[in-house]
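Visitor:
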Amino acid sequence: MHSEINAPLAFHLTGVKSAEELEPVETLGLRPALLAAYRDLSPLRYDFPLVLPDKPVDGEFARPLSAVVDAVLEKITDDRVRAQALAKEREIRAHAAIESGSLQRLWNIEPALPVEGQVVDCDAVLPARFFTAAWSAVQAGKTRRFHEEADRLILQLGNILAADLAQSDEGRTPEKLAASLAATEESFDTKALSRLLSKALPERRLPKSRSRRIRTLLATLKSQRFFAGGQAAARPYSFLFYGCAAALQAMRERRTAALEFTQAMAAARLEAGGNYIEAVHDPLLRGLADSALDPALMPDYLVCINAQALKMPAEASALAELLESALPVKILVQHDDLLEKRTAMCAQARLVLGMALGLNDVFFLQSAASNLYPLRGRVLHGFEYPGTALFSVFSGASGRIEGLAPYLVAAAAMEARAFPAFSYDPSARGERWERYSLENNPQPQADWVRHRLDFEDAEHQRASEELAFTLTDFASLDARYAGSFAAVPREKLNGTDVPTLRMVDGENRLQTVIVAEPLARAAERCLDAWRGLQSLARRPVAVEVPVVEVPAPTPAPEAAKPAAAPVAEAPKAPAGDAPYIETPRCTTCEECVKINNRMFVYDANKQAYIADPKAGSYKDLVEAAESCQVSIIHPGKPLDPDEPGLDELLKRAEAFA
Amino acid sequence: MSDYATQCLLRLHDERFELEDYQSGVPRWCSGCGDNAILAAVQKLCRDESLHPEKTVFVSGIGCSSRFPHYMKTYGFHGIHGRALPVAEGVRMARPDLNVFVNTGDGDCCSIGAAHWIHAVRYNMNLTVMLHDNEIYGLTKKQASPTSPRGTRSNTTPRGSYLEALNPLTVTLGIQNVSFVAQAVDWIPEVLYQVIRAAYHHKGFSFVRIIQRCPEWLPDLFEPYVKDPKKTMLLTHKDGLQLSDAVARTYTNQKSHDPSNLSAARETASQVDPIPVGILYRNAAVPCYEDLRRSTKLRTAEYIKAGLEAEFDKFTVWPEKQAA
Chain U
2 MHSEINAPLA
12 FHLTGVKSAE
22 ELEPVETLGL
32 RPALLAAYRD
42 LSPLRYDFPL
52 VLPDKPVDGE
62 FARPLSAVVD
72 AVLEKITDDR
82 VRAQALAKER
92 EIRAHAAIES
102 GSLQRLWNIE
112 PALPVEGQVV
122 DCDAVLPARF
132 FTAAWSAVQA
142 GKTRRFHEEA
152 DRLILQLGNI
162 LAADLAQSDE
172 GRTPEKLAAS
182 LAATEESFDT
192 KALSRLLSKA
202 LPERRLPKSR
212 SRRIRTLLAT
222 LKSQRFFAGG
232 QAAARPYSFL
242 FYGCAAALQA
252 MRERRTAALE
262 FTQAMAAARL
272 EAGGNYIEAV
282 HDPLLRGLAD
292 SALDPALMPD
302 YLVCINAQAL
312 KMPAEASALA
322 ELLESALPVK
332 ILVQHDDLLE
342 KRTAMCAQAR
352 LVLGMALGLN
362 DVFFLQSAAS
372 NLYPLRGRVL
382 HGFEYPGTAL
392 FSVFSGASGR
402 IEGLAPYLVA
412 AAAMEARAFP
422 AFSYDPSARG
432 ERWERYSLEN
442 NPQPQADWVR
452 HRLDFEDAEH
462 QRASEELAFT
472 LTDFASLDAR
482 YAGSFAAVPR
492 EKLNGTDVPT
502 LRMVDGENRL
512 QTVIVAEPLA
522 RAAERCLDAW
532 RGLQSLARRP
542 VAVEVPVVEV
552 PAPTPAPEAA
562 KPAAAPVAEA
572 PKAPAGDAPY
582 IETPRCTTCE
592 ECVKINNRMF
602 VYDANKQAYI
612 ADPKAGSYKD
622 LVEAAESCQV
632 SIIHPGKPLD
642 PDEPGLDELL
652 KRAEAFA
Chain E
713 MSDYATQCLL
723 RLHDERFELE
733 DYQSGVPRWC
743 SGCGDNAILA
753 AVQKLCRDES
763 LHPEKTVFVS
773 GIGCSSRFPH
783 YMKTYGFHGI
793 HGRALPVAEG
803 VRMARPDLNV
813 FVNTGDGDCC
823 SIGAAHWIHA
833 VRYNMNLTVM
843 LHDNEIYGLT
853 KKQASPTSPR
863 GTRSNTTPRG
873 SYLEALNPLT
883 VTLGIQNVSF
893 VAQAVDWIPE
903 VLYQVIRAAY
913 HHKGFSFVRI
923 IQRCPEWLPD
933 LFEPYVKDPK
943 KTMLLTHKDG
953 LQLSDAVART
963 YTNQKSHDPS
973 NLSAARETAS
983 QVDPIPVGIL
993 YRNAAVPCYE
1003 DLRRSTKLRT
1013 AEYIKAGLEA
1023 EFDKFTVWPE
1033 KQAA
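Protein sequence lines, in the order shown, are assigned to chains U and E.
Each residue of the first sequence is one higher than the one before, starting from 2 at the first, in the numbering used here.
Each residue of the second sequence is one higher than the one before, starting from 713 at the first, in the numbering used here.
1) Residues of chain U with CB closer than 9 angstroms to the CB of E:G886, please, in chain order.
2) Checking the sheet assignment: what are the DSSP bridge partners for U:G16?
3) For U:L439 versus U:P421, is the C-beta spacing smaller than 8 angstroms?
4) In chain order, what residues of the same chain lie with their CB nearer than 7 angstroms to the CB of E:H949, ignoring the 5 residues before and after it?
5) Buried or exposed: which applies to U:K192, given that a residue is buried once 16 or more other Cβ atoms fall within 10 Å of its Cβ?
6) Would you be able to state if there are at least three C-beta pairs under 8 angstroms between the segment 642-655 of chain U and the segment 614-628 of chain U?
7) Excluding sequence positions up to five away, which residues of its chain have a Cβ less than 8 angstroms from the Cβ of U:P300?
8) Excluding the five sequence neighbours on either side, which residues of its own chain have a C-beta within less than 7 angstroms of the C-beta of E:Q906, listed in chain order?
9) Measure from the C-beta of U:D59 to each C-beta in chain E and report whether the shortest distance is under 8 angstroms.
10) Assuming U:S101 and U:V116 form a contact by the criterion Cβ under 8 angstroms, report the distance between their Cβ atoms to the nearest whole angstrom.
11) Taking the alpha-carbon positions, what's the U:G261 to U:R287 distance?
12) Taking the alpha-carbon positions, what's the U:P387 to E:G825 distance?
13) What number of angstroms, rounded off, separates the C-alpha of U:A480 from the C-alpha of U:P490?
14) Of all the options U:R586, U:T588, U:V623, U:P585, which has the alpha carbon lying nearest to the alpha carbon of U:M600?
15) Exposed or buried, U:L197, counting other C-beta atoms within 10 Å across all chains shown (16 or more means buried)?
16) If you measure beta-carbon to beta-carbon, which residues of the segment 898-930 of chain E are closer than 7 angstroms to chain U?
17) Run down chain U in chain order and give the residues with a C-beta less than 7 angstroms from the C-beta of E:L1010.
18) Closest to U:A267 by C-alpha separation, out of U:H282, U:E254, U:R253, U:L156, would be which residue?
19) Using a Cβ-Cβ cutoff of 8 angstroms, what residues of the segment 581-602 of chain U are near chain E? List them in chain order.
20) For E:D760, which residues from the same chain have a beta carbon less than 8 angstroms from its beta carbon, with the 5 sequence-adjacent residues on both sides left out?
21) Out of curiosity, what's the CA-to-CA distance linking E:D820 and E:R795?
22) At a CB-CB cut-off below 7 angstroms, which residues of chain E make contact with U:E75?
23) Checking the sheet assignment: what are the DSSP bridge partners for E:Q735?
24) Checking 8 angstroms against the spacing of the C-beta atoms, do U:V514 and U:A488 come in under that value?
25) Exposed or buried, E:N1027, counting other C-beta atoms within 10 Å across all chains shown (16 or more means buried)?
26) Taking just the CA atoms, how far does U:R526 sit from U:I542?
27) Give me, in chain order, the residues of the same chain whose beta-carbon lies closer than 7 angstroms to that of U:E92; leave out the 5 immediate sequence neighbours on both sides.
28) Does the segment 412-430 of chain U come into contact with the segment 468-476 of chain U, if we say contact requires no fewer than three beta-carbon pairs (one atom in each stretch) closer than 8 angstroms?
29) Taking E:P988 and E:Q895 to be in contact with their CB atoms under 8 angstroms, please state how far apart those CB atoms are, rounded to whole angstroms.
30) By Cβ distance below 6 angstroms, which residues in the same chain neighbour U:A95 in space, the five residues on each side in sequence not counted?
31) Which class does U:S137 belong to by DSSP, given the choice of helix, strand or coil?
32) Would U:K331 and U:W531 qualify as a contact pair, given that the criterion is a beta-carbon distance under 8 angstroms?
33) In chain order, what are the residue ranges of uninterrupted beta strand (DSSP E) at least 3 long that sit wholly in the segment 762-831 of chain E?
34) E:A981 and E:L843: beta carbons closer than 8 angstroms?
35) Which ranges does the alpha helix (DSSP H) cover as unbroken runs of at least 4 residues, wholly within the segment 886-948 of chain E, from first to last along the chain?
36) At which residues does the alpha helix (DSSP H) containing E:N748 begin and terminate?
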């Protein structure tokens, strides 16, 4: 019996390093081979740092610093100045990795940049700042649209009251008339005019209830606190929160005010359009419920929370309540550490995703922070979505991964399918699968993302391998998982079938690393979750149904056939000799009704028909037929055989038989 | 906020109107005049679309057709000769919430008002324009109009008119920014209604030439067309006329015409016999002038006063400045 232990297999299964050739990864300082090329990001011109403009134009709430600088470089022809600008950009990029700051302060050279704003790198505060900037841009548009309408309504309602005053005795005093005529004392006798008007035009005032209502509406619109920039004495409400419970509390406190505001806007619109009917609308407006709040026009709440806060039951239940509210609440859940729980990696992120998808009408976007800029359009769409939206973002700033910028950690999480980009838009039209999107994921059709790695082998020859970047690669970055890996010389594997990684040490030497079984199993679960997302966003394959020859059906008996769809039939001559008109062809020319307006009458479409053949003589019928411009009157046979001149009339009627 | 609530509350309104809600007095047009058919079709449209009379304006120039606003119980403006369109454009600009219709005649539009007509097409403001074309000046008792066929004997052309008739359709279709052109005849009420309805629903300058009979001054001109359905060619299309069975059985001369095809529209419009009837051209993508120029500025009393003052100042004589 062969009793020697297969050390690689033993490590994989038990996590115990039973031989000397299995080296711990922490002593080697290993990192995934595919990340070997990314050590220093400062010389790279990529999406970060971002500039968040103070005054976004056309909804452009974020721009990469490199794009801002490029806009300036386009106009510079002097190579020396160009080099200086690029060097300054590198300097700002390096500075932003440490702390954010004002672009104007950092860019202290000529030419000046066309944008003013804050420079932010991909770090722990980026998600909240990025989403706040997007939210502010959308809210600015909403506020502008609100004021356009509210100001117009205030003007219209004010005009109604002004017109009412002008028709009153109070509005026709000599002083008021002089002011309205801009008259000097000599040019007009406003006293006489006032007396004349008071006598000639009695007061016609608005009903008191209407005038009172309009004044109340004006007061409510002017004192509203939902949109900034109004005339309210009190400060406008804040809609930015850093906790779900606080946001929920504020919503509850403002509920009455929100309903009053809704009621006032609806009533003001009806009043301004002259459509307000007291008996109908008073009770209806009083009974307005929360469902009347239109999310498309109410200010949006923005709630920024860290996933850690959801461990508190009060926050978790408040989040659930906000998501169920169907009100315009936008929630950002920031994840900093996906690998906190060894037994349930990425579990909290999946929990958040499941909550949103389970509710069906919540807009959902999941993205690593590194990928936020390319997904900015979807972010804006989420803010414009008239309902609740949930954004789940992995910042990459767990503080557990040394030597790697949060940008690379976040990008690695997306690359490893640990935190894929994914969105669900309930408002998307078309088939259900079209509501889901895996936009911006690398190789979205594949299981794992695969890349070719070129390296120099032991014989100094160029070699290459295709490597997949999996959850195990992502976990290998985190020192807490060092025990799940063991480096082993490749030849020592002896063909043992264990999962391995290719990693590089500090000197960029390629190593083979065995992965312990629990981590390998976690990777399988991660892949399964990714496949689940793929299946949601995939167009279903049409199944071809084989054509089966079926015998021709036996013709059903006539009576069993369904009735043909009714078609507009041309009016037919009534049975017998009764007179008739082809009414649909009548051109309303008035000829017949002028001859006899009791016999010929217009219908609801103002087209003629014979209402009562007995209401006139046969002569009326024949004359009407002759004068009809489009010859659609048919006199039929005379009802009275003794009518004078009947023979001649019958002869004339023959042309209209 | 409350747009949704407002819409719900508005839906509760009893918005049903009857024809009588739009009728005002007995028309003074001659018996048998085609204007009656147009009036009936327009009143039916107002009723079916539930147009609020106080939100609807009919603007006209001078002529038989231009008496139209008197017979509508809505707002109206019986303007000056040839100037219906500029007045309507002004209404549209100042009150974009109103439904603005224009009724003009062949003399009013195609002669004295021709310059306004051409530029109104180019401005493409959201107006429904009905050209009542009876091919004669009727109100002034029979003078040749620009659309009178060559040889028309009238008080101004006793030996018969010398010039070829102007075709309002091809002229309109040749102007930049044209967005809707259709033709109807007063003696097929169902099609007339359908064409006017399509024109109303088009956002932009909807130009409908309605060939109408004048039983007083040109009683025989359209008689052959009224009597012989084959002399009317109905233009059908899924985006154009949808004929009822009754009309389709009577008017068998039909042609499929795609209203998005401008070249085909021009070719078809130049036909005079048989008369093409239907929607010749429609392009919803042409921008409306009022949308391009709409200001978000509130027209408050102060704003208007400041504008007026600025205008007056241009013509004010400032003695102190002159002295300086």
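Note that the Cβ used here is the ideal one computed from N, Cα and C, for glycine as well.
Guide: Inspection of the coordinates gives the following:
1) Residues of chain U passing the Cβ test: none, with the nearest at roughly 31 angstroms.
2) None, per the DSSP bridge assignment.
3) yes
4) Within its own chain, the residues whose Cβ lies closer than 7 angstroms to the Cβ of E:H949, once the five positions on either side in sequence are excluded, are S968, H969, D970, P971, listed in chain order.
5) Taking all protein chains shown into account, U:K192 has fewer than 16 neighbouring C-beta atoms within 10 Å of its C-beta and is therefore exposed.
6) yes
7) Around U:P300: Q140, K143, T144, F227, F228, Y238, F240, P329.
8) If we look at E:Q906 and ignore the five residues flanking it on each side, its Cβ neighbours are L953.
9) Not flagged as an interface residue toward chain E: U:D59, since no C-beta distance is shorter than 8 angstroms.
10) 15 angstroms between Cβ atoms; not a contact.
11) Note that residue 261 of chain U corresponds to Glu in the displayed sequence, not to Gly. Cα-Cα distance, rounded: 9 angstroms.
12) Each residue's Cα considered, the two are about 49 angstroms apart.
13) 21 angstroms
14) U:V623
15) exposed
16) D898, W899, P901, E902, R925, P927
17) When 7 angstroms is used as the limit between beta carbons, E:L1010 is near these residues of chain U: D152, R153, L156, in chain order.
18) U:H282
19) P585, R586, C587, T588, T589, C590, E591, E592, K595
20) R909
21) 8 angstroms
22) Result: empty, since nearest Cβ-Cβ is about 31 angstroms, beyond 7 angstroms.
23) E:M784, per the DSSP bridge assignment.
24) yes
25) Sequence check: residue 1027 of chain E is Phe here, not Asn. Classification for E:F1027: exposed.
26) It should be pointed out that residue 542 of chain U corresponds to Val in this sequence rather than to Ile. U:R526 has its alpha-carbon roughly 25 angstroms from the corresponding atom of U:V542.
27) Residues of the same chain with a CB within less than 7 angstroms of the CB of U:E92, apart from the 5 flanking positions on each side, do not exist.
28) yes
29) At roughly 6 angstroms, the Cβ-Cβ gap stays under 8 angstroms, so E:P988 and E:Q895 are in contact.
30) S43
31) helix
32) Taking C-beta atoms as the reference points, U:K331 and U:W531 fail to come closer than 8 angstroms.
33) 768-772, 787-790, 811-817
34) no
35) 901-913, 935-939
36) 747-760
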